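Chemist:
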Amino acid sequence: MVKGSQRFSKVVISSVAHVDAPHVVTSDEIESQLAGAQERLGVQPNLLQNLAGIQQRRFWDVGVQPSDVAAQAGARALEMAGVRREDIGVLINTSVCRDYIEPSVACIVHHKLGLPTTAFNFDLGNACLGFLNGMALVAGMIERGDIDHGLVVDGEGSRYITEVTIERLNRPEATAKDFRE
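Each position in the sequence shown, counted from 1, maps to that position plus 9 in this note's numbering.
1) Assign N102 to buried or exposed, taking buried as 16 or more other Cβ atoms, counted over all protein chains shown, within 10 Å of its Cβ.
2) If we ignore side chains and look at the alpha-carbon of each, how far apart do L56 and R93 end up?
3) Report back the beta-carbon spacing between W30 and G139 to the nearest angstrom; my notes put them in contact at under 8 Å.
4) Are the beta-carbon atoms belonging to D76 and K19 less than 8 Å from one another?
5) At which residue ranges does the region 130-190 contain complete alpha helix (DSSP H) runs of 4 or more residues, listed in the order of the chain?
6) Could you work out which residue in S23, I39, N130 and K186 is closest to M89 when comparing CA atoms only?
7) When you compare the CB positions of L133 and G143, do they come within less than 8 Å of one another, or not?
8) Starting from G83 and walking both ways along the alpha helix (DSSP H), at which residues does that stretch end?
Shown next as structure tokens:
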């Protein structure tokens, strides 16, 4: 158990980088795809935006994997920080999405970035807190002198799950209960 807040004297965040998915999909677009089912089932319009407050999301091209995105952002972060790949002591991937069951996304990103074989790599899954947890782990390793530099990456995509959900909700046997689940 961690008591109090963590304080570090030897740790800095050298850079933060991101890569945005190219395809913007609005909640209105999704609602239009569900309009027939919503009308048939008496589900109120604008339900998605009213419940979640989400007006748009971004999708990657079909076939883009979480490791592709994480590696792009990781490469950008290393460049912005001026840190050489051979100086990375640990890579932690915090993506909820995965390329495959095995190998880990961290292992794939490690290879794509050409990090040294001496660098640890592992996936850390904790939903929205995963990235923060990854940062805390890297900071602890730096503070103890285990490593000089670490990299925390994440690559997410919701295209497939969104498209499959729309397809499921548009089936004739879908019920209002399905919309609530």
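Each residue gets a CB set at the ideal place from its N, CA and C atoms; glycine is no exception.
A quick note: this is a predicted structure, and the numbers were derived from the prediction, not measured.
Modeler: Let me lay it out:
1) buried
2) 48 Å
3) The sequence as given places Ala at residue 30; Trp does not occur at that position. Not a contact, Cβ separation roughly 19 Å.
4) Checking the displayed sequence, the identity of residue 76 turns out to be Ser instead of Asp. Contact flag unset, no.
5) 139-153, 168-178 and 185-189
6) S23
7) yes
8) P75 to A90
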